[in-house]
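Novice:
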Amino acid sequence: MDNAKTIGSFSGTFKIGDFVANRLGFGSMRLTGRGIWGPPADRDEALATVRRAVELGVNFIDTADSYGPDVAEELIGEALAGRSDVLVATKAGLRRPGPDQWMPHGRPEYLIERAKGSLKKLGVKQIGLWQLHRIDPRVPMQDQFAAIRQLLDEGVIANAGLSEVSIEEIEAASRYFKVATVQNRYNLVDRGSEDVLDYCERNGIGFIPWFPLAAGDLARPGGVLDSLAKRHAATAGQIALAWMLKRSPVMLPIPGTSKVSHLEQNVAATRIQLSDDEFQELERSVR
């Protein structure tokens, strides 16, 4: 798919601050070791995957200080060497005591320290998009939002977002800064954030669905997703991504992988155009 420099014309675009992002992004969590801990099994392949993503026209990459921890950010920093034509969005607010362990940590001084550390690891002068990975229930919410306001005022970050939040929490944060993006779990079969997605669409906020390829029983042989995949000579995952891109103009899916071949398969999903009837067929199957 070497002609994928036109990925934006297939996936559509969304503006984050002054940056025009092609709506199919790349998620970097899988660049790390087992349990999202330590280095990848194949470091060269991980670096090649990031570079290939950009070659294919992906210009929006999602990462976090907790992936590794630090591993994903450092790999991206090395692979991209501070390229200004790619928006790297990172996050902080989760500590990692060990593999598959995640603990909210929202002390303002910690968030500020970690954001400034991300600058160095990514090799950039300013973080294009920084997101609060989780709101820490042990720390006053307004203190966490005030820290983000400080990062914006100091120019450490250009735009700010939130992750795993409700509409009420988005509105509370909006009193401190313009919420550019929201990153919640969302896919064909997990629609718990449907109200948040609708709110983001009404308010021009980018919605970044994590775990976007989950399809559950819909992907079983003979199921609706399987049938649509055969109709389009595609995989179930590609159809799930095509559905997501059609679902909303503010949707920014970030399927992740550490393999070039899987990346190319994901990017090819942007060329699949589901009809309105096919889209509704998937909707009915979920209900």
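For the sequence shown, position 151 (counting from the first letter as 1) is numbered 151 according to full-length UniProt numbering, and the numbering increases by one without interruption.
Ideal Cβ positions, reconstructed from N, Cα and C, are used throughout, including at glycine.
Is residue 65 buried or exposed, if buried means 16 or more other CB atoms sit within 10 Å of its CB?
Specialist: Residue 65 sits at position 65 when you count from the first residue of the sequence shown. Under this definition residue 65 is a buried residue.
Novice: First and last residue of the alpha helix (DSSP H) that includes residue 331?
Specialist: Absent from the structure is residue 331, since the part of the chain shown begins at 1 and ends at 287.
Novice: I need the boundaries of the alpha helix (DSSP H) containing residue 145, first residue and last residue.
Specialist: In the sequence shown, residue 145 corresponds to position 145, counting from 1. Where residue 145 is concerned, the enclosing alpha helix (DSSP H) stretches over 141-153.
Novice: By alpha-carbon positions, which one of 167, 36, 272 and 265 ends up nearest to residue 102?
Specialist: Sequence index remark: in the sequence shown, residue 102 carries index 102 (1-based). Closest by alpha carbon: 36.
Novice: May I ask you to report which of helix, strand or coil DSSP gives residue 38?
Specialist: Start at 1 with the first residue of the sequence shown, and residue 38 comes out as number 38. Of the three classes helix, strand and coil, the one that applies to residue 38 here is coil, per DSSP.
Novice: Can you check which of these residues, 19, 18 and 23, is closest to residue 11 by C-alpha distance?
Specialist: For the purposes of this step, residue 11 is identified with residue 11 of the sequence shown, where counting begins at 1. Comparing Cα positions, the closest option is 23.
Novice: With distances taken Cα to Cα, identify the nearest neighbour of residue 98 among 75, 204 and 69.
Specialist: Reading the sequence shown from its first residue, position 98 is the one you call residue 98. Here the closest residue by C-alpha is 69.
Novice: Apart from the five residues just before and just after residue 71, which ones in its own chain have a Cβ nearer than 6 angstroms to its Cβ?
Specialist: One-based indexing of the sequence shown puts residue 71 at position 71. Closer than 6 angstroms at the Cβ level, and outside the excluded window around residue 71, lie 32 and 39.
Novice: Count the other CB atoms within 10 Å of the CB of residue 142; is the residue buried (16 or more) or exposed (fewer)?
Specialist: Taking the sequence shown and counting its residues from 1, the one referred to as residue 142 is at position 142. Exposed, since its Cβ has fewer than 16 Cβ neighbours within 10 Å.
Novice: So residue 266 is in the beta strand (DSSP E); what residue range does that whole segment cover?
Specialist: Here residue 266 is taken as the residue at index 266 of the sequence shown, counted from 1. Premise fails: residue 266 lies in the alpha helix (DSSP H), 260-268, not in any beta strand (DSSP E).
Novice: Looking at the structure shown, is residue 163 part of a helix, part of a strand, or coil, going by DSSP?
Specialist: Counting from one through the sequence shown, the residue named residue 163 turns up at place 163. Three-state DSSP puts residue 163 in a strand.
Novice: Measure the C-alpha to C-alpha separation of residue 160 and residue 232 and round it to an integer number of angstroms.
Specialist: On the sequence shown, residue 160 is found 160 positions in, with the first residue counted as 1. On the sequence shown, residue 232 is found 232 positions in, with the first residue counted as 1. Those two C-alpha atoms are separated by around 38 angstroms.
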